[in-house]
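Q: Note that my numbering numbers the sequence shown so that position 7 is 7, with each residue one more than the last.
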Amino acid sequence: MPVNENWKPTIVAFCCNWCSYAGADLAGSSRLAYPADVKIIKVPCSCRVNPMFILRAFEKGADGVILCGCHPGDCHYSTGNYYARRRMTLLFSMLDYLGVENGRTRVEWVSAAEGVKFSETMNSFVSKVRTLGPSVRLGDLRCKN
1 MPVNENWKPT IVAFCCNWCS YAGADLAGSS RLAYPADVKI IKVPCSCRVN
51 PMFILRAFEK GADGVILCGC HPGDCHYSTG NYYARRRMTL LFSMLDYLGV
101 ENGRTRVEWV SAAEGVKFSE TMNSFVSKVR TLGPSVRLGD LRCKN
């Protein structure tokens, strides 16, 4: 299926307050470019991202979701990113079962001093999602009476 050249993917980025969000701030203050289609949601820690948040993002029309957190071992809350990594591994296998392509989700560790890495990560993720094309929208996954 040919993709419209003017189509821009909608990307939701969950960024931890202590590292990744600060890395995004550094990228912005350093005038490093990343697409405006990336919608950043600041969370206290990457482990606070409930898998339902990612499912809801796809349900609401996101074409890709990325979770950015502190490097393992550098988490402000000691072990939060270990929990997030384990939880996202299970979620990604479930998303594959639901029909969401593997390249539409990603976990990346970005510290507060890595503005360049944040910009490069967002640019590469957006280009990957752009090659996949528009996402098949998930329906409401909750049980209904």
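C-beta: ideal position from N, C-alpha, C; glycine also. Quick caveat, the model's predicted, so the values are computed rather than measured.
Go through its chain and collect everything with a Cβ distance to Pro9's Cβ below 7 Å, but skip five positions before and after it.
A: If we look at Pro9 and ignore the five residues flanking it on each side, its Cβ neighbours are Asp37, Asp63, Gly64, Val126, Val129 and Arg130.
Q: Where does Arg85 fall in DSSP's three states?
A: Helix, per DSSP.
Q: Where do the N-terminal and C-terminal ends of the beta strand (DSSP E) with Gly69 fall, by residue?
A: Counting along the chain, the beta strand (DSSP E) containing Gly69 begins and ends at Gly64 to Gly69.
Q: Identify whether Glu120 lies in helix, strand or coil by the three-state DSSP scheme.
A: If DSSP states are grouped into helix, strand and coil, Glu120 belongs with the helices.
Q: Going by DSSP, what residue range makes up the alpha helix (DSSP H) through Arg56?
A: Segment Pro51 to Glu59, the alpha helix (DSSP H) holding Arg56.
Q: Whole angstroms are fine: how far does the CA of Gly23 sit from the CA of Gly161?
A: The structure shown does not extend to residue 161, since the chain is modelled only from 1 through 145, so no value can be given for it.
Q: Use the C-beta contact count for Ser119: other C-beta atoms within 10 angstroms, 16 or more gives buried, fewer gives exposed.
A: Looking at its Cβ environment, which holds 16 or more other Cβ atoms inside 10 Å, Ser119 is buried.
Q: Taking the DSSP output, what are the residues bridged to Lys39?
A: The partner list for Lys39 (beta bridge, DSSP) reads Val12.
Q: Exposed or buried, which one is Thr121 when buried takes at least 16 other CB atoms within 10 Å?
A: Result: buried.
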